[in-house]
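*Asks:*
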Amino acid sequence: MTTSTAREMLDAWRERGADRLNPVRFLFIDALERRAAGHVGEARRILDERLAGLLEAYADDLDKNDCAASPPIETTRGPLAELVDYIASNVSDDASTYPELEALDHFRETWSRVSTARQLRQSLAQVPGNAGPLNSSSLVHRSLSLMRELSPGYLQQFLSYVDALSWMEQLNGGVPAAKDAPRAGSARKSGRTKAR
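Here it is as structure tokens:
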């Protein structure tokens, strides 16, 4: 069975309301048909065989239940469906509906630079006056200063990443991530024990 034949069969069943016999199974068959259409070669052959078997089984179930001969069930549209239709009819595809705010990009860039400068000042304020070369606060400030000199864009990205991590830690209640529990001592005793 070719994919076009399978598609025609599925569309005909949908028009007659036969897709309501087993909606989940019908949607699975429909999805398999769409997936098969995107493949070629051996994968396509395998998918086509599986699709033919599923279509045949569904057709047998339709014959048993005589669902295909029954007219489609008329459904009444509820208030939610009417609201969705109303919203869809009033939405414009025109780009002028949502104007482009070019000034917003300028303010974002300015805020990012100001925020970066503020964070650098804060890192310098945390460095003690008599800090040695391996003091962690001093090392952090030096690395941030070097980042600013070599790649200001990278520094802004790095600091926004650090801000996001800090924000996530605050969401967690300031509790650091759980560490491994301390390991219990070895159950085996050493061979050197005092004799009593």
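By the numbering used here, the letter at position 29 of the sequence shown is numbered 379, and the numbering carries on one by one without gaps.
Note that CB positions come from ideal geometry on N, CA and C, so glycine has one too.
Can you tell which of L412, L401, S495 and P373 has its C-alpha closest to the C-alpha of S354?
*Replies:* Minimum Cα distance to S354 is reached at L401.
*Asks:* Give me the residue from W363, V434, V390 and E383 with the minimum Cα distance to D411.
*Replies:* It is W363 whose Cα lies nearest to the Cα of D411.
*Asks:* Mapping the DSSP letters down to three states, classify N480 as helix, strand or coil.
*Replies:* Note: N480 maps to coil in three-state DSSP.
*Asks:* Within the region 362 to 422, note down every full alpha helix (DSSP H) run reaching 4 residues or more, in order along the chain.
*Replies:* Fully enclosed alpha helix (DSSP H) runs of 4 or longer: 373 to 387 and 391 to 415.
*Asks:* Please classify A419: is it buried, with 16 or more other beta-carbons within 10 angstroms of its beta-carbon, or exposed?
*Replies:* With a pLDDT of only 48 at A419, under the threshold of 50, the placement of this residue in the model should not be trusted; the figure read from the coordinates follows. Exposed, because fewer than 16 other Cβ atoms sit within 10 Å of the Cβ of A419.
*Asks:* Could you tell me the alpha carbon to alpha carbon distance between A381 and R468, rounded to whole angstroms?
*Replies:* Going by the C-alpha atoms only, they are around 54 Å apart.
*Asks:* Rounded to the nearest angstrom, what separates R370 and L515 at their Cα positions?
*Replies:* Cα-Cα distance, rounded: 49 Å.
*Asks:* Hey, how far is the Cα of G523 from the Cα of D513?
*Replies:* In a straight line, the C-alpha of G523 is about 15 Å away from that of D513.
*Asks:* What three-state label does DSSP hand T355 in the structure shown?
*Replies:* If DSSP states are grouped into helix, strand and coil, T355 belongs with the helices.
*Asks:* Taking the beta carbon of Y511 as the centre, do at least 16 other beta carbons fall within 10 Å, making it buried, or is it exposed?
*Replies:* It counts as exposed.
*Asks:* At which residues does the alpha helix (DSSP H) containing L470 begin and terminate?
*Replies:* That run of the alpha helix (DSSP H) goes E452 to A475.
*Asks:* In its own chain, which residues sit with a C-beta less than 7 Å from the C-beta of S462, not counting the 5 before and 5 after it?
*Replies:* Excluding residues within five positions, the ones whose Cβ falls inside 7 Å are Q506.
*Asks:* I'd like to check one pair, Y408 with R375: are the Cβ atoms closer than 8 Å?
*Replies:* Yes, Cβ-Cβ distance for R375 and Y408 is below 8 Å.
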